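Student: Okay, so the sequence shown: first residue is 5 according to the numbering used here, each after it adds one. Structure provided below as structure tokens; questions to follow.
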Amino acid sequence: MTNLGYPFTLGVASGEPLPDSVIIWTRLAPEPLGRDPRRPGGMPGLVVPVRWQVAEDEGFRRIVRQGTAQADRRWAHSVHVKVDGLRPGGDYFYRFSVGAPFAATTSPAGRTRTAPAAGAATPVRFAFVSCQRYEHGHFTALRHLADERPDVVLQLGDYIYEYGRPADPGPGRYVRRLEAPEEACQTLQQYRNRYARYRTDPDLQAAHRAAPWIATWDDHEVRDNYRGALPGDGSDPAVFRRRRAAAYQAYYEHLPLRVRPSASGLQMHRWRPYGRAADFLVLDVRQYRTAATMLGTAQEEWLLARLAGSAARWKVLVQPLFFSRRFVPGPPPNLRADAWDGYPEFRRRVTGAGVRGLVVIAGDVHNAWAGELRADFADPASAPAGVELVGSSVTSMPPATDSAAVLAANPHLRFFDGRRGYVVCTAGVEGFHAAYRAVDFVDRPGSPVRTAAGFGVRDDRLVPDAV
Ligand SMILES: [Fe+2]
Numbered sequence: 005m006t007n008l009g010y011p012f013t014l015g016v017a018s019g020e021p022l023p024d025s026v027i028i029w030t031r032l033a034p035e036p037l038g039r040d041p042r043r044p045g046g047m048p049g050l051v052v053p054v055r056w057q058v059a060e061d062e063g064f065r066r067i068v069r070q071g072t073a074q075a076d077r078r079w080a081h082s083v084h085v086k087v088d089g090l091r092p093g094g095d096y097f098y099r100f101s102v103g104a105p106f107a108a109t110t111s112p113a114g115r116t117r118t119a120p121a122a123g124a125a126t127p128v129r130f131a132f133v134s135c136q137r138y139e140h141g142h143f144t145a146l147r148h149l150a151d152e153r154p155d156v157v158l159q160l161g162d163y164i165y166e167y168g169r170p171a172d173p174g175p176g177r178y179v180r181r182l183e184a185p186e187e188a189c190q191t192l193q194q195y196r197n198r199y200a201r202y203r204t205d206p207d208l209q210a211a212h213r214a215a216p217w218i219a220t221w222d223d224h225e226v227r228d229n230y231r232g233a234l235p236g237d238g239s240d241p242a243v244f245r246r247r248r249a250a251a252y253q254a255y256y257e258h259l260p261l262r263v264r265p266s267a268s269g270l271q272m273h274r275w276r277p278y279g280r281a282a283d284f285l286v287l288d289v290r291q292y293r294t295a296a297t298m299l300g301t302a303q304e305e306w307l308l309a310r311l312a313g314s315a316a317r318w319k320v321l322v323q324p325l326f327f328s329r330r331f332v333p334g335p336p337p338n339l340r341a342d343a344w345d346g347y348p349e350f351r352r353r354v355t356g357a358g359v360r361g362l363v364v365i366a367g368d369v370h371n372a373w374a375g376e377l378r379a380d381f382a383d384p385a386s387a388p389a390g391v392e393l394v395g396s397s398v399t400s401m402p403p404a405t406d407s408a409a410v411l412a413a414n415p416h417l418r419f420f421d422g423r424r425g426y427v428v429c430t431a432g433v434e435g436f437h438a439a440y441r442a443v444d445f446v447d448r449p450g451s452p453v454r455t456a457a458g459f460g461v462r463d464d465r466l467v468p469d470a471v
């Protein structure tokens, strides 16, 4: 058998931490951008054994778990290993190795961390990111995030963008080339190669090696503004269902998820507990959406029950879309139907439920915002119902925004920053703090990172932190 070349071109990753287990991931792709759909990643139709090891130390002297996973073509030779029997709140290191049909090779090591035990008061330090359009810039923000080694990274959607390259992209917008031939993704092979393009990026690989990720998706993992089983542009729903299934499969193949897609879809909404400090409630705002409901009835009921039953100090809604009312002065529409402003009744059920310690995190708008939630956003005297932290994009181009006019028209919104970056937070039984990090530029590598603002939360209100 010929030597197939270096297989770990897409790096390694971990995710979905629980107190006793994590998922570790890699995908064998000696030709990550190979265009033969019968050989995804340049792999022949073989089942390849992949050895994995998990250790307590970076030198892999204290190995606590190891085994062999089978990589096969059905899932593009990705492996998702559920590693259990780990101790809560523990740091671990993991790596993979292969033999024939490769020259014997070991992957780089990743660092991961389990969640704390159910009763533990350990604070959780988490970062959140969204909107990493590859063509729009360098993932420098992710490199800085990796250097901070948070306990966990939350990805709030637009992990990829499905677009092809327009005939004339315009000046300054497209600073990096997509995989050839730079087409919009429609087929499984195209989505796979789009993920492969992203995952060959060294800064994105570093961010996955630094910490476990918990990801949810927005629209661009499939198609702009899609809604449930419908494409959103009036095109053939049967064609769109196949495209969505291909996109969901490629998403699974490239992220360290616990659950595989099936014919009915891929369950993304889930509860990730971090002891007494925080409950992360991860939402899916796309798969079940209709004109009447953002989440679908089953997910809505699940969320309200989880919020009512949570004993954690902080209940963190992990989801893509701007949650608070955001009235944009000027010609209508002044409220965005694609965000929670399009679903005010269910939003009122969340903010009016008397939940203490509610923190909504969001992305999507490619600018950073912070504000307070209101039981009734139309009434400025309405009681504060928690806070919302909206992170900027990693790279995706921000829209022109008259932030002063929006802040003036929405007194519950307190902060805006137009630079790209990420947010890092500490949630503990004693308090909650968030720091907004910003990079100066993304059109070339090497930007420094700065702290744009810091906030704490007191009595469900936002209080500025010294930075
Ligand atoms: Fe986006």
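Using N, Cα and C, we set each Cβ at its ideal position, and we do this for glycine too. Please read all numbers here as calculations on a predicted model, not as lab measurements.
According to DSSP, is serine 407 part of a helix, a strand, or is it coil?
Tutor: In the structure shown, serine 407 sits in a helix (DSSP, three-state: H, G or I).
Student: Would you say serine 397 touches ligand 1, meaning its beta carbon is less than 7 angstroms from a heavy atom?
Tutor: The answer is yes for serine 397.
Student: Tell me the rounded alpha-carbon separation between glycine 356 and proline 41.
Tutor: Their backbone Cα atoms lie some 50 angstroms apart in a straight line.
Student: Report yes if the C-beta distance between histidine 258 and glutamine 303 is below 8 angstroms; otherwise report no.
Tutor: Not a contact, by the Cβ cut-off of 8 angstroms.
Student: Candidates Leu308, Pro333, Gly174: which alpha carbon is nearest leucine 321's?
Tutor: The shortest Cα separation from leucine 321 among Leu308, Pro333, Gly174 belongs to Leu308.
Student: Is it the case that the CB of cysteine 135 approaches a heavy atom of ligand 1 more closely than 7 angstroms?
Tutor: Yes, ligand 1 has a heavy atom inside 7 angstroms of this Cβ.
Student: Can you tell me which of Ala104, Ser25, Ala73, Leu261 puts its alpha carbon nearest to the alpha carbon of arginine 91?
Tutor: Measuring from the Cα of arginine 91, the nearest candidate turns out to be Ser25.
Student: Distance, Cα to Cα, methionine 298 vs valine 369?
Tutor: Distance between the alpha carbons of methionine 298 and valine 369: 18 angstroms.
Student: Starting from the Cα of aspartate 380, find the closest Cα among Arg352, Asn371, Arg227 and give me that residue.
Tutor: Among Arg352, Asn371, Arg227, the Cα nearest to that of aspartate 380 is on Arg352.
Student: Buried or exposed for asparagine 338, please, with buried defined as at least 16 other CB atoms from any protein chain shown within 10 angstroms of its CB.
Tutor: Asparagine 338 should be labelled exposed.
Student: With DSSP as the reference, label alanine 456 as helix, strand or coil.
Tutor: Strand at alanine 456.
Student: Report yes if the C-beta distance between valine 363 and glycine 390 is below 8 angstroms; otherwise report no.
Tutor: Contact: yes.
Student: Mind checking threonine 72: buried by the 16 CB within 10 Å criterion, or exposed?
Tutor: Threonine 72 should be labelled exposed.
Student: Give, in chain order, every unbroken run of the beta strand (DSSP E) that is at least 3 residues long and sits entirely within the stretch 111–184.
Tutor: Taking only runs of at least 3 residues, the beta strand (DSSP E) segments lying wholly in the stretch 111–184 are 114–117, 128–133, 156–160.
Student: On the three-state DSSP scale, how would you describe proline 468?
Tutor: In this structure, proline 468 counts as strand in the three-state DSSP scheme.
Student: Considering Cα atoms alone, identify which of Thr126, Asp76, Tyr98 is closest to glycine 114.
Tutor: Comparing Cα-Cα distances from glycine 114 to each of Thr126, Asp76, Tyr98, the minimum goes to Tyr98.
Student: Is the CB-CB distance between phenylalanine 143 and threonine 399 below 8 angstroms?
Tutor: Contact: yes.
Student: Once DSSP output is grouped into helix, strand and coil, what is the label at aspartate 444?
Tutor: Coil at aspartate 444, not helix or strand.
Student: Return the chain-ordered list of same chain residues with a C-beta closer than 7 angstroms to the C-beta of serine 328, the five sequence neighbours on each side being excluded.
Tutor: Counting only Cβ-Cβ distances below 7 angstroms, and skipping sequence neighbours, we find Gly375, Leu377, Phe381, Glu392, His416, Leu417.
Student: Report the three-state DSSP secondary structure of glutamate 304 (helix, strand or coil).
Tutor: Here glutamate 304 sits in helix by DSSP.
Student: If you measure from the beta carbon of arginine 441 to each beta carbon in chain D, is any gap under 8 angstroms?
Tutor: Note that chain D does not occur in the displayed structure, where there is just one protein chain.
Student: So glutamate 349 is in the alpha helix (DSSP H); what residue range does that whole segment cover?
Tutor: Element bounds for glutamate 349: 348–355.
Student: Going by beta-carbon coordinates alone, are serine 101 and arginine 43 separated by less than 8 angstroms?
Tutor: Not in contact: serine 101 and arginine 43 (Cβ atoms no closer than 8 angstroms).
Student: Is aspartate 368 close to ligand 3? I mean its beta-carbon at under 7 angstroms from any heavy atom of the ligand.
Tutor: With respect to small molecules bound, the structure shown includes ligand 1 and not ligand 3.
Student: Measuring straight from C-alpha to C-alpha, what distance separates alanine 108 and methionine 47?
Tutor: Going from the Cα of alanine 108 to the Cα of methionine 47 covers about 16 angstroms.
Student: Once DSSP output is grouped into helix, strand and coil, what is the label at leucine 393?
Tutor: Three-state result, leucine 393: strand.
Student: May I ask you to check if the CB of aspartate 162 is nearer than 7 angstroms to at least one heavy atom of ligand 1?
Tutor: Result yes, Cβ under 7 angstroms from ligand 1.
Student: Is there contact between the stretch 218–230 and the stretch 201–210, where contact requires at least three CB pairs shorter than 8 angstroms?
Tutor: With a cut-off of 8 angstroms, the stretch 201–210 and the stretch 218–230 do not count as touching, because too few Cβ pairs lie within range.
Student: Does the beta-carbon distance from valine 471 to glutamate 152 come in below 8 angstroms?
Tutor: Taking 8 angstroms as the Cβ cut-off, valine 471 and glutamate 152 do not qualify as a contacting pair.
Student: Identify the residues that DSSP records as bridge partners of tryptophan 318: which are they?
Tutor: Bridge partners of tryptophan 318: Ala282.
Student: Would you call the stretch 14–22 and the stretch 211–218 touching, i.e. three or more CB-CB distances under 8 angstroms?
Tutor: Enough Cβ pairs lie closer than 8 angstroms, so yes.
Student: What residues in its chain sit with their C-beta under 6 angstroms from that of aspartate 88, if we drop five residues either side in the sequence?
Tutor: Excluding residues within five positions, the ones whose Cβ falls inside 6 angstroms are Asp24, Ser25.
Student: Three-state secondary structure (DSSP) at phenylalanine 100?
Tutor: DSSP places phenylalanine 100 in strand when its eight states are reduced to three.
Student: For threonine 126, I'd like the list of residues in its chain whose CB is within less than 7 angstroms of its CB, leaving aside the five on either flank, ordered along the chain.
Tutor: Cβ within range, chain order: Gly93, Pro120, Gly279, Ala281.
Student: Between tryptophan 79 and the rest of its own chain, which residues show a CB-CB distance below 6 angstroms, the 5 nearest in sequence each way excluded?
Tutor: For tryptophan 79, where only same-chain residues beyond five positions count, the Cβ hits under 6 angstroms are Glu257.
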